[in-house]
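Under my numbering, think of the first position of the sequence shown as 315, with each following residue one higher.
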Amino acid sequence: MKIWDKLSQVNVENKERYMRIYSEIVKKVQNNEFSLDVGETEKDEHFIVVEDNRMNSYFVHIVPKQLYNLFKEMQEKAPNQILGFSVMVGKHNNKDVRVSCFGVQCNLLGKSLFDN
C-alpha cells in the first residue's frame with residue numbers, strides 16, 4: 315500500500331481537539347507569537363514538528379501521536395512534497411510559513427479557521 319493511501323485511510327481520534335490546536339497555532343504564527351525553531355516538541359497527545367526545508371518553506375506540522383510513525387515514514391519517503399493540507403500564514407526569513415495538521419481532513423481544518 316502506498317503511503318498516501320495509508321494516510322487517506324486514517325481516522326484521527328478527537329478531531330475537534332486538533333482543529334482547535336490548528337487554529338490556535340495559525341493565529342500565533344500570524345501574530346509572531348510562535349517560535350519557528352526547527353525540531354520536534356512532544357505534547358500530551360501530539361507532536362509539533364517544525365521544518366525549514368520542505369518546498370523552500372517553513373512547515374509547522376501538528377502530528378497526532380497515533381500517526382507519528384506514518385508521518386515520519388512520509389517525511390522520509392516524500393522529502394520534497396507537502397504532507398497533506400496546509401495553509402500559508404506568513405513569512406519568516408524570506409520563506410513562506412505553512413501550518414498543517416497531519417491526518418485531519420482539510421474541510422475540518424478550514425472550518426476551524428472560520429469558527430474561531
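Cβ atoms here follow ideal geometry from the backbone N, Cα and C, with glycine treated the same way.
Review point. Around the Cβ of Val311, are there at least 16 other Cβ atoms within 10 angstroms (buried) or fewer (exposed)?
Key: Nothing about residue 311 can be read from this structure; the chain reaches only from 315 to 430.
Review point. Looking at the structure shown, is Gly404 part of a helix, part of a strand, or coil, going by DSSP?
Key: As a working note, residue 404 is residue 90 in the sequence shown. In the structure shown, Gly404 sits in a strand (DSSP, three-state: E or B).
Exercise for review: Check each candidate in Tyr336, Lys316, Leu381, Asp410 and name the one with the smallest Cα separation from Ser426.
Suggested key: On the sequence shown, residue 426 is found 112 positions in, with the first residue counted as 1. Answer by Cα proximity: Tyr336.
Point to revise | Assigned secondary structure, Asn346 (DSSP; H/G/I helix, E/B strand, else coil) | key: The sequence position of residue 346 within the sequence shown is 32, counting from 1. Coil at Asn346, not helix or strand.
Check your understanding: Taking the continuous beta strand (DSSP E) assigned at Glu359, which residues delimit it?
Key -> Position 45 of the sequence shown, counting from 1, holds the residue named residue 359. From DSSP, Glu359 is part of no beta strand (DSSP E); its letter is neither H nor E.
Point to revise | Helix, strand or coil at Asn367 according to DSSP, with G and I counted as helix | key: In the sequence shown, counting from the first residue as 1, residue 367 sits at position 53. Here Asn367 sits in strand by DSSP.
Practice item. Determine the extent of the beta strand (DSSP E) in which Lys409 is found, giving its start and end residues. Key: Here the question's residue 409 lines up with position 95 in the sequence shown. First-last of the beta strand (DSSP E) with Lys409: 409-415.
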